[in-house]
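A.B. asks: Here it is, the structure, as structure tokens.
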DNA sequence: CGTTATATGGAGAACGTTCTACATTTCATC
DNA sequence: GATGAAATGTAGAACGTTCTCCATATAACG
């Protein structure tokens, strides 16, 4: 509007720590001290500086911060964004972070080890302050190597012997036991587990843990150590085909424990389509108690491991590690059963 | 192991551009040039440098890069991580980014304007190269202000008059028309829309656009301009209560068009629970064609706007803008109907 | 009043890149 | 050979912070 409109400051208008210092009539170092509320700042100085910050709308550059010190960002790595269990974890992370000055940035690896690695490296290169890895695929040694460079908490990754990083898990073995016990308590006898058919069978993975729990519960109840475990491939076309085959088997079990709601729900859908009645012909119990399982239409009994809580606990652990803790922590939550129609018919029809 | 174990380089072992330069026997600037494959690099030089990079396992620091030039990161802002439509968008973004040297970092705003603002600011402060905002809540003027500082593409945000940023949308008005037309074609006459009950009624929001399309289609078919639109609150307790009330109305319409699968699916669940048969008593059509809608158990007819494609198109637009385009683009995709059991019974029972 | 502690503020060197200028070499072309 | 033009490589100044020393001012104490 004014005649004095300048051309120059069009892009060069970034308010830096220097602008603030000049405006407040103090040194750059002083402003920095106030920002980090470091030692050696008088009330008068603080007031001057905060006023200037307010007046100019100053925001420190995260990039520059990261170059020298902390970036106040924590990275979250998700294996997969479609699994409805993961948003719960994110919600937990964000809940804990919200009141703090930390912020979360999320990366999605799509279960690709390659991408997972490069994402972790990127987060390190951004000088993020810490990482929450949700169900990472990388082997423990590699994670340990990364953990030297940045504080790490792994969620959904069983390695209680790791010393370089922390782990936060629901007790997946126990969860599987609870599932089996629930099926037995309902009187079902022929019980099978449907697990994930993956080449990698790390004991670190939650899937493997659930298999162990399933086997143990079956054995304890006298059904032999080699209780049957079916493998469902991950990729979509094969996946449904395998399930259909399972459903049409003539020696189909009376009840099935699925390693994840994701599979359980698809199974339920196919069962309906193929005329297999649930739970009359086949009882189903899933894992994660995802929001979809809770839908009236789906009505899937499931093991609840409170993703939200896992996210919260993991974040708190990470922050304590960022703030200096060095001894590793391995936290185990107890999962619980949420009974629904797929386990035992609600109506006495 | 060796006796010469040094204490010093324990943390100081970062391989920087300087390490590479020394190792290759060239200048720092030369290495930088190779990295950015800038003009003025001979084959011999390039070979020396890439060898050194390989040998040392050098990765440029994103933090330092961001401070001076590009960071090769694009920020994605999600309004909500629970809506199963959004993972599709992410998949599209990642698909386009994967072969490039760009990487995506995701922030989740949980529909909070405050958080959305601070996340955008953070991404700017990280010197990210561009932003994909998915269904942002901020008004257009504010977005325009941000767009001066960083290239922005908004997805699910209708503002074809914006000059500072691009928009990528499915044609939500058309989508709603298609839905209404489909219901009419099935012979249903009493049709209502269930929309989102929010204070904010920006025309930019997809919800409002769908309402407009619904009204227009109804009017065109002779059902008056004031076709009824019910409002469903977002928060969970009130939400279901409102739906129950709707379902038990004695003047309940014959068919309903829901603004989102999210609501449609809950409605389907409640309908089953309350004994309202779908589609015999009530036909339902949703929006988004989310993965949940496709489940056999749910079997919800829905308007497909291919989130994946939106993500791809948006990312390509963003990259072209990063690379210099200044004129704004406003892209509109045509949605399509996916007919399923909630629209017309598949079996002739 | 000296002398010593303590509290307060500032100078300036990192941090690891990018990128503008410039210096040098190589190559045509006359 | 001389003369530009083009190609190739380098020095070094940013970028916006943090943080270690230092310098000074003030308080405490005998």
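Protein chains in written order, with the UniProt record's numbering: chain A, 1 to 349; chain B, 1 to 349.
In this text, a Cβ means the ideal position worked out from N, Cα and C, and glycines have one as well.
Reducing DSSP to helix, strand and coil, say where residue 324 (chain A) ends up.
C.D. replies: Residue state, collapsed to three classes: coil.
A.B. asks: What alpha helix (DSSP H) runs, 4 residues minimum, are completely inside the stretch 227-255 of chain B?
C.D. replies: Counting whole runs of 4 or more residues, the stretch 227-255 of chain B contains the alpha helix (DSSP H) stretches 236-248.
A.B. asks: Under 8 Å between beta-carbons, which chain B residues line up against residue 270 (chain A)? List them in chain order, please.
C.D. replies: In chain order: 296.
A.B. asks: Quick check on the DSSP output: the alpha helix (DSSP H) that includes residue 167 (chain B) runs from which residue to which?
C.D. replies: No alpha helix (DSSP H) holds residue 167 (chain B); the beta strand (DSSP E) holding it covers 166-170.
A.B. asks: Under 8 Å, do residue 268 (chain A) and residue 278 (chain A) count as touching if we go by C-beta distance?
C.D. replies: Yes; because the gap between Cβ atoms is below 8 Å, this pair is in contact.
A.B. asks: So, is the C-beta of residue 150 (chain B) closer than 8 Å to a C-beta in chain A?
C.D. replies: Residue 150 (chain B) does not count as touching chain A.
A.B. asks: Does the beta carbon of residue 187 (chain A) sit closer than 8 Å to a beta carbon anywhere in chain B?
C.D. replies: It does not; no Cβ of chain B falls within 8 Å.
A.B. asks: For residue 151 (chain B), tell me which candidate among B:84, B:13, B:81, B:316 has the shortest Cα-Cα distance.
C.D. replies: Residue B:316 is the option with its Cα nearest to residue 151 (chain B).
A.B. asks: Using three-state DSSP, classify residue 100 (chain B) as helix, strand or coil.
C.D. replies: In this structure, residue 100 (chain B) counts as coil in the three-state DSSP scheme.
A.B. asks: Counting only the same chain and skipping the five closest in sequence on each side, list residues whose C-beta sits under 6 Å from that of residue 179 (chain B).
C.D. replies: 257, 285, 303.
A.B. asks: Got a sec: which bits of the stretch 25-42 of chain B sit with their beta carbon under 8 Å from any beta carbon on chain A, in order along the chain?
C.D. replies: Of all residues in the stretch 25-42 of chain B, none has a Cβ within less than 8 Å of some Cβ in chain A.
A.B. asks: Specify the secondary structure class of residue 202 (chain B) as computed by DSSP and reduced to three states.
C.D. replies: Residue state, collapsed to three classes: coil.
A.B. asks: Contact criterion: CB-CB distance below 8 Å. Does residue 231 (chain B) meet it with respect to chain A?
C.D. replies: For residue 231 (chain B), the answer is no, since every Cβ of chain A falls outside 8 Å of its Cβ.
A.B. asks: At 9 Å on the CB atoms, spell out the chain A contacts of residue 126 (chain B), in chain order.
C.D. replies: Under the 9 Å cutoff, chain A gives 61, 62, 63, 66, 71, 73, 105, 126.
A.B. asks: Any beta-carbon of chain B closer than 8 Å to the one on residue 121 (chain A)?
C.D. replies: By this cut-off, residue 121 (chain A) is an interface position.
A.B. asks: Would you kindly work out how many angstroms separate the C-alpha atoms of residue 131 (chain B) and residue 154 (chain B), rounded to a whole number?
C.D. replies: Whole-angstrom Cα-Cα distance: 8 Å.
A.B. asks: Just tell me which of B:281, B:19, B:163 has its CA closest to the CA of residue 57 (chain B).
C.D. replies: The option with the nearest alpha carbon to residue 57 (chain B) is B:19.
A.B. asks: What's the gap between the Cα of residue 14 (chain A) and the Cα of residue 59 (chain A)?
C.D. replies: Cα to Cα, the separation comes out at about 9 Å.
A.B. asks: With respect to the beta strand (DSSP E) encompassing residue 114 (chain A), which residues constitute its N-terminal and C-terminal limits?
C.D. replies: Note, residue 114 (chain A): premise wrong, no beta strand (DSSP E); alpha helix (DSSP H) at 113-125.
A.B. asks: For residue 79 (chain A), would you say it is in contact with chain B, using Cβ-to-Cβ distances shorter than 8 Å as the test?
C.D. replies: No, its Cβ sits nowhere closer than 8 Å to a Cβ of chain B.
A.B. asks: Is the Cβ of residue 285 (chain A) closer than 8 Å to any Cβ of chain B?
C.D. replies: By this cut-off, residue 285 (chain A) is not an interface position.
A.B. asks: Would residue 138 (chain A) and residue 113 (chain A) qualify as a contact pair, given that the criterion is a beta-carbon distance under 8 Å?
C.D. replies: Yes.
A.B. asks: At what residue ranges does the stretch 132-185 of chain A contain a whole run of the beta strand (DSSP E), taking only runs of 3 or more?
C.D. replies: With a minimum length of 3 residues, the continuous beta strand (DSSP E) runs that stay inside the stretch 132-185 of chain A are 152-155, 166-170.
A.B. asks: Do the stretch 60-79 of chain B and the stretch 117-130 of chain B meet, that is, are 3 or more Cβ pairs less than 8 Å apart?
C.D. replies: The stretch 60-79 of chain B, when compared against the stretch 117-130 of chain B, does touch it at the 8 Å Cβ threshold.
A.B. asks: Measuring CA to CA, which of A:76, A:77, A:61, A:54 is closest to residue 70 (chain A)?
C.D. replies: Of the listed residues, the one whose Cα sits closest to residue 70 (chain A) is A:61.
A.B. asks: Between residue 82 (chain A) and chain B, is there a C-beta pair that is closer than 8 Å?
C.D. replies: Output row for residue 82 (chain A): interface = yes.
A.B. asks: By how many angstroms is the C-alpha of residue 243 (chain B) removed from the C-alpha of residue 299 (chain A)?
C.D. replies: If I take the Cα positions, the gap works out to 19 Å.
A.B. asks: Just reading off the beta strand (DSSP E) that residue 286 (chain B) is part of, what are its end residues?
C.D. replies: Residue 286 (chain B) -> beta strand (DSSP E) spans 283-287.
A.B. asks: Shorter than 8 Å from the beta carbon of residue 313 (chain A) to some beta carbon of chain B?
C.D. replies: By this cut-off, residue 313 (chain A) is not an interface position.
A.B. asks: My output table needs one value for residue 269 (chain B): the three-state DSSP class, helix, strand or coil.
C.D. replies: Residue state, collapsed to three classes: helix.
A.B. asks: Strictly under 8 Å for the Cβ-Cβ distance: is residue 292 (chain B) near chain A by that measure?
C.D. replies: Yes, its Cβ sits closer than 8 Å to a Cβ of chain A.
A.B. asks: Can you find a CB in chain A that lies within less than 8 Å of the CB of residue 265 (chain B)?
C.D. replies: Yes, contact with chain A.
A.B. asks: Can you find a C-beta in chain A that's less than 8 Å from the C-beta of residue 289 (chain B)?
C.D. replies: It does not; no Cβ of chain A falls within 8 Å.
A.B. asks: Whose C-beta lies closer than 6 Å to the C-beta of residue 307 (chain A) among residues of the same chain, with five residues either side of it excluded?
C.D. replies: Once the five neighbours on either side are set aside, the close Cβ partners of residue 307 (chain A) are 85, 88, 89.
A.B. asks: Can you give the Cα-Cα distance for residue 38 (chain A) and residue 29 (chain A), rounded to whole angstroms?
C.D. replies: Near 11 Å, if we compare the C-alpha coordinates of residue 29 (chain A) and residue 38 (chain A).
A.B. asks: Closest by CA to residue 223 (chain B), which one among B:31, B:188, B:337, B:35?
C.D. replies: When only C-alpha atoms are compared, the closest one is B:188.
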